[in-house]
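For reference, the structure is listed below as structure tokens.
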Amino acid sequence: MPKKNVTTRLEEKQLRQVGRYLKTRRPAETVRAALDFVAEKAAHEKVVKKYSGVGEPDAFQDS
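Letter by letter, the sequence shown follows residues -15 to 47 in this note's numbering.
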């Protein structure tokens, strides 16, 4: 996939906190990992929303 060069201003403290959470060293790695995380979370929420309410009430009560 082609890459786009983007310039942005970020809070240093927030960038460091996110970098520690995502275990990244460089700002570019942190931004990339954060974008990947958000995209994965959105895909997960889409699946959960699609299948929530499927089945009968209390379907998992006996599990």
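Each residue gets a CB set at the ideal place from its N, CA and C atoms; glycine is no exception.
Could you have a look at Lys(-3) and say whether DSSP puts it in helix, strand or coil? helix
I need the DSSP call for Val(-10), collapsed to helix, strand or coil. coil
Determine whether the beta carbon atoms of Thr14 and Val2 lie at a separation below 8 Å. yes
Please list the terminal residues of the continuous alpha helix (DSSP H) segment that includes Thr8. Neither: Thr8 is in no alpha helix (DSSP H) and is coded neither H nor E.
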